[in-house]
Amino acid sequence: MRIVVSAQGETLDALASPVFGRCPTYIFVDTETLVFEAVPNPAMSQGGGAGIQAAQFVVEHGAQAVLTGNLGPNAFNVLQAAGVPGYLVPEGTVRQVVDAFKAGQVQPMGNANVAAHAGMGGGMDFASGSGMGRGMGRGMGMGRGMGRGMGMGRGMGMSGGFPPAAPAQPPVEAVTASELTQLRETLTELRQQLAETMERIDQLERDESGGSEQG
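Be aware that the sequence shown starts at 266, since it is given in my numbering, and climbs by one per residue.
Below is the structure:
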């Protein structure tokens, strides 16, 4: 089975990341052989829609299950539509997370467990279940006072593990808004291409007419 773990590094001994849409790396692992592939997260620096892009990315790379600390409603919706389940992971390395998954010790997510855009300077406080306040206040700096890489390690005080899943928030409006924005951008590009094409046709017709008159 091919699974993917959100990670803070590029090896099986790297710490698993509780952040999905903006984690630095996705590590795809074959649960039978432990052969893995570390791939940088292309959505890490996205200003918006990171969860959707990240979910689409791991699905396209063949993930059959996602192991992470949180999933926003948009990412959860994309994964659910693709039939890819999400699992809450314990604190530890990617290797330990994979072992826990194989042993049936990780909890499947029935719903999104963070609000949309939770990773954009806010994230979660795993000790209290509320916003992270200053813990992630300087973005995903990966070393700027963030403890064991992204401040999501023991410095976060995850004594009780991950918080219970929050009620799902309707993802349809957010997904529709994102799709509408993309369609509008596509329409603008098409209009520009059409205008350029028409201008070129007019120019060629003028050139052809001029050549005929000279002949």
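Cβ atoms here follow ideal geometry from the backbone N, Cα and C, with glycine treated the same way. Note that the structure is predicted; figures quoted are calculated from it, not measured.
Measure the alpha-carbon distance for residue i versus residue j and round it to whole angstroms.
i	j	result
G316	R449	21 Å
L445	T453	12 Å
G327	D472	53 Å
G357	A281	6 Å
G312	V284	15 Å
L335	R267	The amino acid at residue 335 is misidentified as Leu; the sequence shows Asn. Between N335 and R267, the C-alpha separation is close to 20 Å.
E302	P289	14 Å
R465	S474	14 Å
G388	G314	At G388, the pLDDT of 38 sits below 50, so the modelled position is not reliable; the number obtained from the coordinates is stated separately. So the two alpha carbons sit approximately 15 Å from each other.
E325	G369	25 Å
L469	T451	27 Å
G414	N306	Confidence at G414 is low in this model, with a pLDDT of 40, below 50, so its placement is unreliable and the value that follows should be read with caution. Rounded to whole angstroms, G414 to N306 spans 16 Å at the Cα level.
V304	Q273	11 Å
A430	V300	Low per-residue confidence applies at A430: pLDDT is 45, beneath 50, and the placement is therefore not dependable, though the value from the model is reported in the following sentence. In a straight line, the C-alpha of A430 is about 31 Å away from that of V300.
A346	D467	47 Å
M421	V359	At M421 the pLDDT is 39, less than 50, meaning the model places this residue with poor confidence; the figure from the coordinates comes in the next sentence. Roughly 18 Å between the two C-alpha positions.
Q329	Q447	27 Å
Q457	T298	51 Å
G375	A319	19 Å
V323	V349	10 Å
E461	A308	32 Å
L459	Q321	31 Å
L455	S271	37 Å
Specify, as a first and last residue, the run of the beta strand (DSSP E) that residue i falls within.
i	result
R267	267-272
D295	290-295
E302	301-305
V331	331-333
G351	351-353
Comparing alpha-carbon positions, which option in the options lies nearest residue i?
i	options	result
S310	Q458, G286, V270	G286
Y373	V379, V331, G337	The identity of residue 373 in the sequence shown is Pro, whereas the question assumes Tyr. The shortest Cα separation from P373 among V379, V331, G337 belongs to V331.
N378	V300, V359, G369, G337	G337
M351	V269, Q447, V300, V359	Residue identity check: residue 351 is Gly in the sequence provided, not Met. Of V269, Q447, V300, V359, the residue nearest in Cα terms is V269.
P355	Q321, G348, T333	T333
Over the uninterrupted alpha helix (DSSP H) stretch that includes residue i, give me the two end residues.
i	result
F341	338-346
G369	Counting along the chain, G369 falls outside any alpha helix (DSSP H), and DSSP gives it neither H nor E.
Q321	315-325
> Would you say the stretch 294-304 touches the stretch 267-283, given that touching needs at least three Cβ pairs under 8 Å?
Replying inline: Result yes; three or more Cβ-Cβ pairs closer than 8 Å.
> Per the contact definition of three or more C-beta pairs closer than 8 Å, is the stretch 335-342 in contact with the stretch 359-367?
Replying inline: In this structure the stretch 359-367 does not touch the stretch 335-342; the number of beta carbon pairs closer than 8 Å is below three.
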